[in-house]
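Some notes on the structure that comes next.
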Amino acid sequence: MSIQQLNKSLLQVENYSFSYESLNDNQVLQDLSFSLYHNEMSMLIGASGSGKSSLALCLNGLYPEAVEGNSTGNIYFKDKHISDYATGELQQHIGIVFQDPESQFCMITVEDELAFTLENLNIPSSEMPKRILEVLHLVGMTNNKHKRLHELSGGEKQKIALAAVLLLDPNLIIFDEPTANLDPVSRIEFIDLIREIKEEKKLSILIIDHQIDDWLFIVDRLLVLNKNGQIIANDKPDKIFPEKIPRLKQEGVWLPKPYLNPLTVKADSRPTNKPVLLSIGNLSFRRKKSTILSDITLNIPEGEFVTIVGENGAGKSTLLQLMAGLITPDRGTISFQGKEIENWNEKELRANIGFVFQNPEHQFITDTVYDELTFGMKLNGYHQAEIKARTTALLSQFGLLRHKYHNPFSLSGGQKRRVSVATMLSESPKLLLLDEPTFGQDADTTHELIKTLVMLRDNGTTIIIITHDMELADLSDTILVLQNHKVAFSGSPSALWRKTDLMKRARLRLPYRIRTQNKLGR
Amino acid sequence: MIASINPSMKAFSVLIPGILLALTYDFFTPLFYLVFILIITFTLSKVSFYRWIKIFTPFLLIAIGFSWMTMLYTSEEFSGGHVLFEVWRFEVTSGSFETGVSLGLRSLCFVSLSLLFVLTTDSTKFMLSLMQQCKLPPKITYGILAGYRFLPTFQQELQLIRQAHRIRGVARSKGLRDRIGLFRRYVIPLLANGIRKAERVALAMESKGFSGESKRTYYHEMKINPRDWLFLFCMVGSLVTIASLSSYFGFLNIFGKQY
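Going down the list, the protein sequences come from chains P and E.
With the first letter of the first sequence counted as 1, position 104 gets the number 104 in the numbering used here; the numbers rise by one all the way through.
With the first letter of the second sequence counted as 1, position 19 gets the number 1019 in the numbering used here; the numbers rise by one all the way through.
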């Protein structure tokens, strides 16, 4: 009756375990047994650190050879043990599209990158141009053949990565968080493309992601991995939800929106008549010869929670760096608490403005979490007793007490994120700027971060945050939409959700709350 | 056009005259060879003069500096001849003058030969040609090409880390020891990310069936045509011709020996 029963399995995993040699007795994958079938779209979900990506590389035979790792158990592809395939052979049948669009290419131009795959397969050079054109047509990128890869947007890069894998003519394609770095509309476009290509090429697909939402309606089967690398569910999505929700929640798995309680309750009153904290007038910024921002004017009142949204490359990060006084504008003024930012003393400015970077590692300076938190206070000559009291309070607030003496680089992704936010709060800044802090984080970490931000806002900290996450944007007091180097919109979320035209132009998406309302209304 | 010469052949056409030039100590040979290179550069390639002179000028100053220092401190072997002029306590003889000028001109020859190569060669094609003509293993070739893509991202990341540290108040810390310790902090995240990215690219390449075997087909087949040989012959031949002219006029000097 089901697809599984009709089809023979394509890939079979039997009692498979995997561990890195360096992490003794910590098994990444534990005793996995499952099958993938012909022409089936399956999805593997799990909290970050559950070994999802390692599994992908184990399946196509690159692990454990590529790392110092051990594996036990068996994997069969088309009824043949994967170790019986010659070097490079299995990878032709099982292709992978990776998460990071920046680091999966080795050539400069689109054409050369695609040719690289064909050369690996020893395709005669006379046949290459035809194949390259065909595959570009398939992913809808025909006009980009001669472009340089670094000129493409994230979504376009992923399409080229998919094209390169399609050239292998594989039976199974594994997508390892393929949309994690994309803006909301590119994400949907890419998911649609995967669905179309699956139908056209009759492929088996395995999606690995920690966010299920947009996939839920196109996947045939869900595999759920827990934190210990064990499979705890393997069934059709509608069989898993809602039955197993409590179990999944416990494991930190990102539940689909229909089964999720709303993130946080919105503060009922917007701050009114608050004094302006940050004001920007007629600001322009150019990098080399291209305009990044032009003629930006805006005022941000004290205590507001502001999100900045817009396409990749719209100048969001640049605007945030300008606000922090990290770079200086070509024209226009920025004043913080009524005083122009250039006239601030660097030391005072840094104590008043916190900035959380996309990659928390960039901010680490010392060898232990404790030293990280005390660094700023020590520089500013706080009293020993006060430093100790504040640090302990922060450590417990962020659940880091256990990791007090750990090296920040050795922490998990979520813990690193918490440390990077905590360091910014040690001097209780008036303004906290965050550059895509939820990027690539699992459900637990994101949830926690949002809780922290709401708490800070309630304590009066002004928060400005760049995000692609429309659910987060929906929680804010004000949304700024950057488009074509300008502020295309500034106002409340509910006002933005009504501007269908602008939403389309800026490649934004409605949050889930509004999408369901619209559906119900119809 | 020089841009279409096979890159490996072009490299040899620039290297061989470079090595030969290093042996000539007279001023006649490098002077006329320099003129020859300049003529080639501006007639047979599309290098813009503005771009060329921008890179060339700093080297010109360095070459003049070299030349001057050599004139003042010529080794005994070469400093024969009558005294031309005196600078403070240094005597510049005709011998040392010639040696100095020769060194300056030779440096300029090296610079313009290098520019001729660098400004007319596509780095990807050069690597592909090294793989196809000089049998450089594909593992190294594609490794270097992949690394080449990273250079700009490395720079961006360093800038980000600087900013992140400035936010943390690193600018506020005093003293040399603190600063050195903080420099260490730049390196760790940079390296950590660099290694992670390199690993990802390597896995992506292997996932696309790259096995490092040298048996593979080529999309851009780099061939050696008769005109590549002709170019090599021209570059070396003209040097030999100029050297013999120099010898005819009695200037040629190889390793201090007059021919």
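We treat Cβ as the ideally placed atom computed from N, Cα and C, and that holds for glycine.
Note that this is a predicted model, so its numbers are computed, not measured.
By the CB criterion at 8 Å, Arg1168/E and Phe398/P fall outside the cutoff.
A Cβ-Cβ separation of about 38 Å leaves Phe98/P out of contact with Arg1179/E under the 8 Å criterion. Scanning its chain for C-beta atoms nearer than 7 Å, with the 5 sequence neighbours on each side dropped, one finds around Lys249/P the residues Leu255, in chain order. The Cβ-Cβ distance between Gly491/P and Thr500/P does not fall below 8 Å. Within chain E, the residues whose beta carbon sits less than 7 Å from that of Ala164/P are Lys1208, listed in sequence order. Relative to the Cα of Ser1075/E, the nearest Cα in the group Asn1253/E, Thr1099/E and Thr1120/E belongs to Thr1099/E.
Counted as a single uninterrupted DSSP element, the beta strand (DSSP E) harbouring Ser490/P occupies residues Lys486 to Gly491.
Residues of chain P whose Cβ lies closer than 8 Å to the Cβ of Ser1211/E are, in chain order, Thr87, Gly88 and Asn120. Under a criterion of Cβ atoms nearer than 8 Å, no residue of chain E is adjacent to Asn181/P; the nearest Cβ is some 13 Å distant. By the criterion of a C-beta distance shorter than 7 Å, Leu90/P is surrounded in its chain by Asn60, Gly61, Phe77 and Ile82, once the five residues flanking it on both sides are discounted. Of all residues in the region 1177 to 1192 of chain E, only Leu1182, Arg1185, Ile1188, Pro1189 and Ala1192 come within less than 8 Å of chain P when Cβ atoms are compared, listed by chain position. By the criterion of a C-beta distance shorter than 6 Å, Pro275/P is surrounded in its chain by Glu302, once the five residues flanking it on both sides are discounted. Using beta-carbon distances, Ala324/P counts as an interface residue toward chain E, with a partner under 8 Å. Counting along the chain, Met41/P sits inside the beta strand (DSSP E) bounded by residues Met41 to Gly46. In this structure Thr1217/E touches Pro124/P by the C-beta definition: roughly 6 Å separates them, less than 8 Å. Within chain E, the C-beta atoms nearer than 8 Å to that of Gln104/P come from Arg1200, Val1201 and Ala1204, in chain order. For Lys1197/E, at least one C-beta of chain P is nearer than 8 Å to its own C-beta. Taking every protein chain shown into account, the CB of Asp100/P has 16 or more other CB atoms within 10 angstroms, so this residue is buried. Secondary structure note for Gly1237/E: its alpha helix (DSSP H) is the uninterrupted segment Pro1226 to Tyr1248.
Collapsing the DSSP output to three states places Thr1041/E in a helix. Taking 3 residues as the minimum length, the beta strand (DSSP E) runs contained wholly in the region 286 to 363 of chain P are 290 to 301, 305 to 309, 331 to 336 and 353 to 356, in order along the chain.
In this structure, DSSP gives Val276/P an extended state, which the three-state scheme calls strand. The beta carbon of Arg1051/E does not come within 8 Å of any beta carbon belonging to chain P, so the residue lies off that interface. The Cβ atoms of Ala473/P and Thr307/P lie closer than 8 Å to each other. For Leu1151/E, the closest Cβ of chain P is not nearer than 8 Å.
Within 9 Å of the CB of Ala66/P, the CB atoms of chain E belong to Glu1199, Ala1202, Leu1203 and Glu1206, in sequence order along the chain.
Secondary structure of Leu1252/E (DSSP, three-state): coil.
The region 427 to 505 of chain P contains, as complete alpha helix (DSSP H) runs of 4+ residues, the segments 443 to 458, 470 to 474, 493 to 497 and 500 to 505 (chain order).
A distance below 8 Å separates the beta carbons of Asp1026/E and Phe1251/E. Unbroken beta strand (DSSP E) stretches of 3 residues or longer found wholly inside the region 221 to 252 of chain P: 221 to 225 and 231 to 235, given in chain order. Here DSSP, grouped into helix, strand and coil, assigns Arg148/P to strand. Cβ contact annotation for Gly1018/E (same chain, cutoff 7 Å, sequence separation greater than five): Phe1110 and Leu1113, in chain order.
For Glu177/P, the secondary structure class from DSSP, reduced to helix, strand or coil, is coil.
For the C-beta of Ala1003/E, not a single chain P residue is nearer than 8 Å; the gap to the nearest is close to 17 Å. Contact between the region 37 to 45 of chain P and the region 209 to 227 of chain P is present: 3 or more CB-CB pairs across the two stretches fall below 8 Å. If you look at Leu510/P, you'll find it isn't in any alpha helix (DSSP H); DSSP assigns it neither H nor E.
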